[in-house]
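In mature numbering (1 follows the signal peptide of the UniProt record, and there is no 0), the protein residues as written are -22 to -1, 1 to 1197.
Next up, the structure:
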C-alpha cells in the first residue's frame, strides 16, 4: 500500500508547522459532474530574512479531471488489493483516522466516519477498495506509473514542471480560447489565446474582423480611486500598497505594478525561478503581455509581435517554453499547400521553404532539378502567407512569372497587400487582389533580399496610428492629433510610445493632469506615469526616476562610494553630487565592502567577503584570460612598489606595481610596501619611497586625491610576468541599491552564554530535497499545462487540469476569476490575536445563489503579510452572459463558532474579459458588523440585513437552512450537528473538525494535550487535507513550535533620574534585499519601579527606547541572534544626540546632500557617543568610530488614518505593515 506524506507542496515551511502522513483525492466521480477526481497543489512561497518571513504568497491550485463530456456507464477499475465493506472495516476496529493514512478519497473517509457515528446499517454493504501499491481512486483506477514513491501531489506537480526545463525550445504546448464565437485567428491549428483579447491589436480576422477588441475601450476610460493603482491596460484597480511591493508578486494582469523584469539587475534569479515553462503560479498563468504589440506565447511569457510572423527569419528564437510561435509559423507554411501542387512547389523553392520545413513533400533536390518553364501553375498571383498577418499586418503577393525567373530562395513579392480595416494610414492604392488593398513592393538592392527592414516602419505606423474602435469624447482620454488616436491620459509620459508621432511622450503639461500618483521630476517640469518609473532609460533629465521610492531614501548608503554620479543620487541644484566634498568619508564602509570595487588602496574593503571560496584574509585573483580559474592570495604576501608620480601625466591611467611573494621567490626590501602592515595606503605611500606607518584620521579613497589606477589591479605573481586580476570584471554592483547594513556595528551589551541558548531555538524544518522525475516529452505535451495520469489496467492516458484549463487534454482555456487578496486586521490587540474562517463565494447577483467557493483559515498574528491566490470558476463554460456575478466574502471568528463577523463585496467588472483578475486588500474592522437600520431590502423572517464592510450596499445574511438573495429559498444539508450549514453543500466546522461535512476529527490537537504548552492554543492549520498539521498560538512570553520556550527577554534597568511612565521600543531589522524593517512596541512602566521586561520573538539588529522625545540605543546586534536573554541599561552614555548639538551652524545650513557628508565627524570627535539623529536619519557609531545612518521616521504612525482611542487618546501602531 502506498503512503504519501501530504497532498500539499510547501516551498518553505513556516517554523511552527508540523506535518504528518496524509493524502487525499476528493470530489470523486459520481457520474454527474464534469469536474471530478481532484488533488490540490498547495504552495506556500516564503521569502525569508534571518528566519523572518518578509513576504508570503499562498497558492491553492486544484488539479481535476475536467473532460468535455463523461460516460456514466464506463466504470474503470485498476489494481485492487482487497475489497471491504464498511461493516468489515467496523468489525476490524478500523477508524476513520486509520483510513486517513491510506491513499483513499477523502469523500469515502468522511462517509465512513458518518457511518460509524450514526451507526447507519444502510451503509453496511458500502464497498471500499483497498488499492495495490501506487494505485488510488474510488475504484483504484488511477496511477502516476512511477518507479519511485512520492510524498505529496504538490511534490509531483512541482517536479513534473521542473522536468520541462530539459525540453526548452523543443516542447509544444498548444491551448486555445474557444469562447469568443466567430473568431478566426488564422489557418488551423492557429487559435486565439485568451491573453490576445483586449491587447491593443487585432487578432481575429476574416468575417468577424476585430471581434477580440470589441468593448475594450471601456478599459481605456476606466478610472481608479486615489488610494488605488491603475494597471496600465486599465483592466484593474489594485490597492496602492500593492504597487511595487515585491517584484515576485505581480497583482496586475499585465504585470505593470512591478518593475519590468529586464530593467532590474536584482530580478535575474527570479526570471529563472519564474520561467513559465516550469511554473503554474499566478505570475505566469494569470498574466497578459505587458505592452501592446507583443505576442503571447500561451503561458504568460511574451515576445515581439512584429517579428513573430516574419516568416523568413530561419533562426527565430521565441516562445521556447511552448513552441507557439514556431507552431504557428509552420501552420502558415503548410496553409499554402492549398495551392495546386506546382504552385506550391514554386513557392517552396523560390521562397526557401526548404530552410524551414522538415519532412515536407519536397526538398532542396526537387528545387534543383525542377524545369520551371514547364511548370503547370495557372494562378497569376500567389500569396504567402495566405492571410494579411506578415509582420502583423501584411500579405506579400508574388507574381508567378517573377518567381519563375528568380533564383531559389530569392523570391521577391510583386505587391504588399493589407486589409484596409487593419491599417487605415498606408498610402492609398488602386490595385485590388483577393479583396485586399495592394501596392507595389519596395525594390531591393542587396544580394540576399529581406522584407523586414522595408516594412518595419509601415508596421509601426499601423500599430501606433489611429484606433480600430473610435472612442467618443471623454475627459479621461487624450487625443494624439498627428497620430489620429485616442489614448488614456494615464499613458502620457510613461516611457512607452503609444502614438506614432510621439505626442504622448512629448506632452508638456503632465504635471497638470491631477494625478497624485505621478512621479515629479525634480530636474525638470515633468511628471511621470507610475509605469514609467525605473525603466532602463531614465525619463527625468537627471535620472532621479531610477529610484522611485523617495528622493531621500538610500541616499546615505550611496555617498562617496567611488561611483561617480550614482543614478540613485541626482545632483542638487547647487552642483553638489554624491562624489564631491568626501574628505571625511572612509574608503571602507558597509556600502563599499564586497562590491568588487577596490575603494581602499590596499583592498581591505574586498577582503573576507561572503561567497568567495578562499580562506580568511585571502584575496580571490582571477587568472587572466580565464573565466573559471583563480588563485587565492594571502594578504600578508602582497606587496607594492612605490611609483614615480612626479613625472606622470595624470590625464592617463596609472598602473600600480603590485606583487605577490611568499619570500621564497624574490627579495622584498625596504622599497616595497606590505598591504598587511600598511593598513591605510595613501597617495604619498604609493608615489614616494616611504616606509613609515603613519596613520591618518580618515582612510580615504585614493582616487579622490586626483590619482587613478588601472581598475583591474593586476598582480604580478612571483615577479615572473604571470598575472592575475584582483577584480572580477564580469561582476559589478555599481548600480545596485544598497540597503541599510549593520556590518561592523558590533555587539552591545556583550553576548552572554550564547552557546547555552542555542538549544532553545525553534525547530527549523529544512526544505526537503526536490523529487526528480524524468517525463518524456510526449507525455508532457499530451496534457499541455496539465498533469498526465493513467487510468485502468490498460494505462489509458488521462489529464488532471488546473482551473485555468479544461478538456480531455487540458487543451481549452477556461473563463475564470483569479483572485488575489491580502487580509489585514485593524484596531485593537485582541483583533490581532484572533483566528478567522473566511469563505469566498462566487454569487449570481440576480438570485443570490452561490456557484463556487473557497475557504481559508486566517491567523492574524501570522498571516498578515500573506497574499492568497485563489480561483473561482463560473458554473458554465462559456459563462452565461445574461447573468451578473459578484464575489462575497464572509468572515467568522473561529474560536467562537457561528460568530458571524461581517462581509465584503467585490464587483466583477468588464464581463467581456475571459479572465477577471481581482487584487484587493481586506481590512478586518475592530468591531463586527451590526444590523443595518432602515434596510431598503426585505430579508423576510429568515434573514438579517447588513451593510458590507467595504461599501454601503445592503444584503441579506440568511439563517441556517435558507439561502437566496432574500433568504426565501430553503435547502437541506448534511453537515454534522456541531457545525453550521452555510449552504446545502457548505459547512462551517468547529476548530477541531474538518471535511466537507465536518465529520473528520483533527485528532492531534485533541489527543495530545501537551501539543501546545504553557497555555498555547493548538490550531489545526489546514482544513483542506492534512489532519495532523497544526499551529501553536503562543502567549507573548513563550515561543517555539510547541510554545515550549520562554520568549527572548530583555531586562532594562533605568539609570537616570526621571523614570518615564511609558516607553516606546523601536526594533530595527536589517534586510539584505529590501529596506530595513521597524517594529514599535510600547510598554507602561509600573510606578516606583526601576526596571522593566520586554519579550520578543523576531530577532533584531538594533533596539532604541524612546520617551519624552529622547532616544536611547540600548541593544546592538551586528547579526541577529535567534534566542538570548539580554540585560541592558538606559543611561546618559547611550543617549542619542540631536545633530544640531554636534555640528556647527555652517555645516547645518548646507543642503541635505552636502550636510550628510559631514556626518562622520560626530562619532570621530565624540568617543563616547553611540548614536545621533536628524529630522530624517538615525545614525549609529560603529567599531571604527564611523557613522552608519538609515532612514528613521520620527512621526508617529497614524493607525492607518483611524484613531481607535477615545477621550483624546493617541493611537500608535507597532508595525507599519502589519499593525
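Ideal Cβ placement from N, Cα and C applies to all residues, glycine included. In this text, all values refer to a predicted model and were calculated from it rather than measured experimentally.
Run through the DSSP bridge pairs and tell me what residue 880 is partnered with.
Per DSSP, 869.
Going by DSSP, name the residue or residues bridged to residue 661.
Answer is none; residue 661 lacks a bridge partner.
Just the C-alpha distance for residue 1123 and residue 816, rounded to the nearest angstrom, thanks.
About 58 angstroms.
Using only the alpha-carbon positions, how far apart do residue 936 and residue 48 sit?
Near 36 angstroms, if we compare the C-alpha coordinates of residue 48 and residue 936.
Is the beta carbon of residue 934 closer than 7 angstroms to that of residue 944?
Cβ distance < 7 angstroms, so residue 944 and residue 934 count as in contact.
Quick one: what's residue 1095 bridged to in DSSP?
Answer is 725.
Rounded to the nearest angstrom, what separates residue 885 and residue 497 at their Cα positions?
Roughly 30 angstroms between the two C-alpha positions.
Using alpha carbons as the reference points, say which of 749, 1104, 1133 and 375 lies closest to residue 1028.
Ranking the options by Cα distance to residue 1028, first place goes to 1104.
Keeping to the same chain, check which residues put their C-beta closer than 7 angstroms to that of residue 528; ignore five residues upstream and five downstream.
Confidence in residue 528 is poor, its pLDDT being 43 and thus under 50, which makes the residue's placement unreliable; the coordinate value appears in the next sentence. None.
Taking 7 angstroms as the cut-off, decide whether the C-beta atoms of residue 501 and residue 519 are in contact.
Contact: yes.
Per DSSP, which residues does residue 1105 bridge with? Please list them.
The partner list for residue 1105 (beta bridge, DSSP) reads 1029.
Under 8 angstroms by Cβ, that's how I've got residue 637 and residue 619 pegged, so tell me the actual separation to the nearest angstrom.
That belief holds up - the Cβ atoms of residue 637 and residue 619 are roughly 7 angstroms apart, short of 8 angstroms.
Starting from residue 522, trace the beta strand (DSSP E) in both directions and tell me its first and last residue.
No beta strand (DSSP E) holds residue 522; DSSP gives it neither H nor E.
Is the region 274 to 284 touching the region 159 to 177 in the sense that three or more CB pairs, one from each, lie closer than 8 angstroms?
Cβ pair count under 8 angstroms is three or more, so yes.
My guess is that residue 177 and residue 267 are in contact by the Cβ rule of under 8 angstroms, so how many angstroms apart are they, rounded?
Yes, they are in contact, since the Cβ atoms of residue 177 and residue 267 sit about 6 angstroms apart, within 8 angstroms.
Assuming residue 153 contacts residue 762 (C-beta within less than 8 angstroms), just tell me the rounded distance between them.
About 5 angstroms; that satisfies the 8 angstroms criterion.
Straight-line CA distance for residue 452 to residue 821?
Going from the Cα of residue 452 to the Cα of residue 821 covers about 33 angstroms.
Shortest alpha-carbon distance to residue 265 belongs to which of 1014, 1050, 1067 and 893?
Nearest of 1014, 1050, 1067 and 893 to residue 265, Cα basis: 893.
By DSSP, does residue 437 sit in helix, in strand, or in coil?
Of the three classes helix, strand and coil, the one that applies to residue 437 here is helix, per DSSP.
Mapping DSSP to helix, strand and coil, what is residue 1071?
Correct three-state label for residue 1071: strand.
With a cut-off of 8 angstroms on the beta carbons, I'd call residue 1078 and residue 1042 a contact; round off their distance for me.
Not really, about 15 angstroms apart at Cβ, beyond 8 angstroms.
Which residues does DSSP pair with residue 924 in a beta bridge?
In the DSSP output, where bridge partners are listed per residue, residue 924 has 909 and 933.
Closer than 7 angstroms, CB to CB, is residue 1010 near chain D or not?
Protein chain content of the structure displayed is limited to a single chain, and chain D is not contained in it.
Nearest-angstrom Cα distance between residue 1065 and residue 1120?
Cα-Cα distance, rounded: 35 angstroms.
Tell me whether residue 474 sits in a helix, a strand or coil according to DSSP, three-state version.
Of the three classes helix, strand and coil, the one that applies to residue 474 here is coil, per DSSP.
Please go through the same chain and pick out, in chain order, the residues whose beta-carbon is closer than 7 angstroms to the beta-carbon of residue 565, but skip the five residues on each side of it.
So the list reads 577, 578, 583, 677, 678 and 679, once near-sequence residues are dropped.
Please look up how many angstroms separate the CB atoms of residue 258 and residue 39, rounded, as I've assumed it's under 8 angstroms.
So it is a contact: roughly 6 angstroms between Cβ atoms.
Does the beta-carbon distance from residue 485 to residue 471 come in below 7 angstroms?
Taking 7 angstroms as the Cβ cut-off, residue 485 and residue 471 qualify as a contacting pair.
Spatial neighbours of residue 347 within its chain, please: C-beta separation below 6 angstroms, excluding the five flanking residues on both sides.
If we look at residue 347 and ignore the five residues flanking it on each side, it has no Cβ neighbours.
Considering just the uninterrupted stretch of the alpha helix (DSSP H) at residue 135, what are its terminal residues?
131 to 140 is the span of the alpha helix (DSSP H), which, as asked, contains residue 135.
Are there three or more Cβ pairs, one per stretch, closer than 8 angstroms when the region 97 to 105 is compared with the region 53 to 72?
Flag = yes, the region 97 to 105 and the region 53 to 72 touch.
Are the Cβ atoms of residue 393 and residue 375 separated by less than 7 angstroms?
Yes, the pair counts as a contact, with Cβ atoms nearer than the cut-off.
Tell me whether residue 508 sits in a helix, a strand or coil according to DSSP, three-state version.
Looking at residue 508 - three-state DSSP - the assignment turns out to be helix.
Taking the C-alpha atoms as reference points, what is the distance between residue 1022 and residue 83?
So the two alpha carbons sit approximately 36 angstroms from each other.
By the 10 Å Cβ neighbour count, where 16 or more other Cβ atoms means buried, how is residue 397 classified, buried or exposed?
Classification for residue 397: buried.
Report, in whole angstroms, the separation of the C-beta atoms of residue 959 and residue 965, which I expect to be a contact under 8 angstroms.
Confirmed, about 6 angstroms.
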